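Novice: Numbering (the working numbering), first residue to last: 5 to 347. Heads up, the beta-carbon is just placed ideally off N, CA and C, and yes, glycines get one too. Treat the numbers as computed from the prediction; the structure is a model and nothing was measured.
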């Protein structure tokens, strides 16, 4: 070192420092647990679960039908459980966000309702399609067939729920009835064409994305005797099953006549357990072959349509405002202040 000038020494030392610094910065985060030193233990999925638990001070009491018990959990965790149960986890994030708003709006309406549901043990909501489907961790692991899939899917869903936390859909400053279903026949349906009540925001819109849904077409074969029993009719040997006399604005069957008996399309769908009220049928020997388009009642947001829109780059608020006419997105807390004050 005697023949090395001071400036050269400084340069050498700085070079060594530059080489060492990246190693010093990386080492603490790459050490194995066995080393007993600093280990990075933060797990994103755990963070999101905690964040959802803390996102709302309100809790939801769910009546678990199979167990006959009541489960109590934070509101946003409940929403995540519904989204996981009601929409495929492989769907686009913006579609999952739209589903989050629909699920959250539904439970907020339940919390605000003057007449509570008559469920056991004071539960505010059930876990079946009569309300909206909710599954717990054990059921979702079974649904997705592994713990690894559960972690991956729930992380994606929790992210969508967290990014839309507290947001609900309103019409004229009231939370809407956020009806949704799987797949349309190419059009959604006016609410009054399927139910008794007419909701101004539940009107038919074109939904061409649904034609690519794996649930768009279905075929069901029913023995003639079973068909006659279910509908209370007699066909005899005639190949003339009946006539469709009217269709709805969403191009589903509104009315059909079989002999001298008249049915609504909804009645036919429910009595024969069809996927949709958009159906055609023909008789072949002693069997009735029924072809349906779409899956579900057709009112409100199409889930496969929402995913199609998201695939094309539409945001969740664009999806919501397409399927629910003239609505706005608002904060749930504005409507839940009294319930929050009680906590």
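Here's the rule I'm using: 16 or more other beta-carbon atoms within 10 Å means buried, otherwise exposed. How should residue 309 be labelled?
Specialist: Here residue 309 corresponds to residue number 305 of the chain shown, with the count starting at 1. Around the beta carbon of residue 309, 16 or more other beta carbons sit within 10 angstroms, so the residue counts as buried.
Novice: Less than 7 angstroms between C-beta atoms, sequence neighbours within five positions excluded: which residues of the same chain meet that for residue 245?
Specialist: Numbered from 1 along the chain shown, position 241 holds the residue referred to as residue 245. Taken in chain order, the residues that qualify are 239, 262, 285, 287, 292.
Novice: If you reduce the DSSP assignment to three classes, tell me which class residue 257 lands in.
Specialist: If you number the chain shown from 1, residue 257 lands on position 253. In this structure, residue 257 counts as strand in the three-state DSSP scheme.
Novice: State the CB to CB distance for the pair residue 102 and residue 323, rounded to an integer number of angstroms; the pair is presumed to be in contact (CB under 8 angstroms).
Specialist: Indexing the chain shown from 1 puts residue 102 at position 98. Indexing the chain shown from 1 puts residue 323 at position 319. Correct: roughly 4 angstroms between the Cβ atoms.
Novice: Enumerate, from N- to C-terminal direction, the unbroken beta strand (DSSP E) stretches of 3 or more residues contained entirely within the stretch 213-277.
Specialist: Within the stretch 213-277, the runs of beta strand (DSSP E) at least 3 residues long that lie entirely inside it are, in chain order, 221-227, 247-251, 257-262, 265-268.
Novice: How long is the line joining the alpha carbons of residue 158 and residue 79, rounded to whole angstroms?
Specialist: Stepping through the chain shown from its first residue, residue 158 is reached at position 154. Stepping through the chain shown from its first residue, residue 79 is reached at position 75. Going from the Cα of residue 158 to the Cα of residue 79 covers about 16 angstroms.
Novice: What's the C-alpha gap between residue 272 and residue 186?
Specialist: Locating residue 272 in the chain shown gives position 268, where the first residue counts as 1. Locating residue 186 in the chain shown gives position 182, where the first residue counts as 1. In a straight line, the C-alpha of residue 272 is about 19 angstroms away from that of residue 186.
Novice: Beta carbon of residue 170, beta carbon of residue 63: below 8 angstroms?
Specialist: Here residue 170 is taken as the residue at index 166 of the chain shown, counted from 1. Here residue 63 is taken as the residue at index 59 of the chain shown, counted from 1. No; because the gap between Cβ atoms is not below 8 angstroms, this pair is not in contact.
Novice: Of the residues 65, 108, 99, 69, which one's Cα is nearest the Cα of residue 84?
Specialist: Counting from 1 along the chain shown, the entry for residue 84 is found at position 80. Ranking the options by Cα distance to residue 84, first place goes to 108.
Novice: Ignoring anything shorter than 4 residues, give me the alpha helix (DSSP H) runs that lie fully in the stretch 102-181, in order along the chain.
Specialist: 141-148, 151-167
Novice: Is it true that the stretch 185-200 meets the stretch 251-260, where meeting means three or more beta-carbon pairs spaced less than 8 angstroms apart?
Specialist: yes
Novice: Taking the C-alpha atoms as reference points, what is the distance between residue 122 and residue 241?
Specialist: Within the chain shown, the letter at position 118 stands for residue 122. Within the chain shown, the letter at position 237 stands for residue 241. Rounded to the nearest angstrom, the two C-alpha atoms are 48 angstroms apart.
Novice: Who does residue 334 pair with in a DSSP beta bridge?
Specialist: The residue labelled residue 334 in the question sits at position 330 within the chain shown. Answer by DSSP bridge pairing, in chain order: 172.
Novice: Which of the three DSSP states is assigned to residue 290 in this structure?
Specialist: In the chain shown, the residue the question calls residue 290 occupies position 286. Three-state DSSP puts residue 290 in coil, outside helix and strand.
Novice: Residue 51: buried (16+ other C-beta within 10 angstroms of its C-beta) or exposed?
Specialist: The residue you call residue 51 lines up with position 47 of the chain shown. With fewer than 16 Cβ atoms within 10 Å of its Cβ, residue 51 is classed as exposed.
Novice: Residues in its own chain within less than 8 angstroms of residue 340 by CB, not counting five upstream and five downstream?
Specialist: Here residue 340 corresponds to residue number 336 of the chain shown, with the count starting at 1. So the qualifying residues of the chain are 62, 112, 115, 116.
Novice: Which residues in the same chain have their Cβ closer than 8 angstroms to the Cβ of residue 366, if we skip the five residues on either side of it in sequence?
Specialist: This structure cannot speak to residue 366, because the chain is shown only from 5 to 347.
Novice: With a threshold of 8 angstroms on Cβ separation, who are the neighbours of residue 168 within its own chain once the five nearest residues in sequence on each side are excluded?
Specialist: Within the chain shown, the letter at position 164 stands for residue 168. So the qualifying residues of the chain are 101, 104, 105, 108, 320.
Novice: Going by beta carbon distance, what residues of the same chain come within less than 7 angstroms of residue 153, once the five residues before and after it are set aside?
Specialist: Translated into positions along the chain shown, residue 153 becomes position 149. Same-chain partners within the cutoff: there are none.
Novice: Less than 7 angstroms between C-beta atoms, sequence neighbours within five positions excluded: which residues of the same chain meet that for residue 163?
Specialist: As a working note, residue 163 is residue 159 in the chain shown. Only residues of its own chain outside the window of five on either side were considered, and among them 52 have a CB closer than 7 angstroms to the CB of residue 163, listed in chain order.
Novice: Starting from the Cα of residue 282, find the closest Cα among 276, 306, 296, 274 and give me that residue.
Specialist: Taking the chain shown and counting its residues from 1, one reaches residue 282 at position 278. Measuring from the Cα of residue 282, the nearest candidate turns out to be 296.
Novice: Can you give the beta carbon distance from residue 132 to residue 69, rounded, assuming they're within the 8 angstroms contact cut?
Specialist: Start at 1 with the first residue of the chain shown, and residue 132 comes out as number 128. Start at 1 with the first residue of the chain shown, and residue 69 comes out as number 65. Confirmed, about 6 angstroms.
Novice: Leaving out the 5 sequence neighbours to the left and right, which residues in its chain are closer than 6 angstroms to residue 329 when beta-carbon positions are compared?
Specialist: Residue numbering aside, residue 329 sits at position 325 when the chain shown is read from its first letter. These residues qualify, in order along the chain: 205, 207.
Novice: Three-state secondary structure (DSSP) at residue 91?
Specialist: In the chain shown, residue 91 corresponds to position 87, counting from 1. If DSSP states are grouped into helix, strand and coil, residue 91 belongs with coil.
Novice: Which same chain residues end up closer than 6 angstroms to residue 249 when comparing Cβ atoms and leaving out the 5 residues on each side of it in sequence?
Specialist: As a first step, residue 249 must be located in the chain shown, where it is residue number 245. Excluding residues within five positions, the ones whose Cβ falls inside 6 angstroms are 259, 261.
Novice: Mapping DSSP to helix, strand and coil, what is residue 209?
Specialist: Mapped onto the chain shown, residue 209 falls at position 205. DSSP places residue 209 in coil when its eight states are reduced to three.
Novice: Secondary structure at residue 315, three-state DSSP: helix, strand or coil?
Specialist: Counted from its first residue, the chain shown places residue 315 at position 311. In this structure, residue 315 counts as helix in the three-state DSSP scheme.
Novice: Please determine if the stretch 210-227 and the stretch 303-318 are in contact, where contact requires at least 3 C-beta pairs separated by less than 8 angstroms.
Specialist: yes
Novice: Short of 6 angstroms in beta carbon distance, which residues of its chain neighbour residue 196, apart from the five on each side in sequence? Order them along the chain.
Specialist: Numbered from 1 along the chain shown, position 192 holds the residue referred to as residue 196. So the list reads 202, once near-sequence residues are dropped.
Novice: Determine the DSSP secondary structure at residue 193, reduced to helix, strand or coil.
Specialist: Taking the first residue of the chain shown as 1, we reach residue 193 at position 189. Residue 193 falls in the strand class under three-state DSSP.
Novice: For a quick check, are the C-beta atoms of residue 182 and residue 299 less than 8 angstroms apart?
Specialist: Counted from its first residue, the chain shown places residue 182 at position 178. Counted from its first residue, the chain shown places residue 299 at position 295. No; because the gap between Cβ atoms is not below 8 angstroms, this pair is not in contact.
Novice: Grouping DSSP H, G and I as helix and E and B as strand, with all else coil, what is residue 328?
Specialist: Counting from 1 along the chain shown, the entry for residue 328 is found at position 324. Note: residue 328 maps to coil in three-state DSSP.
Novice: Helix, strand or coil: how does DSSP classify residue 70 here?
Specialist: As a position in the chain shown, residue 70 is number 66, starting the count at 1. It is coil, neither helix nor strand.
Novice: Which of the three DSSP states is assigned to residue 77 in this structure?
Specialist: Stepping through the chain shown from its first residue, residue 77 is reached at position 73. Reduced to three states, the DSSP call for residue 77 is strand.
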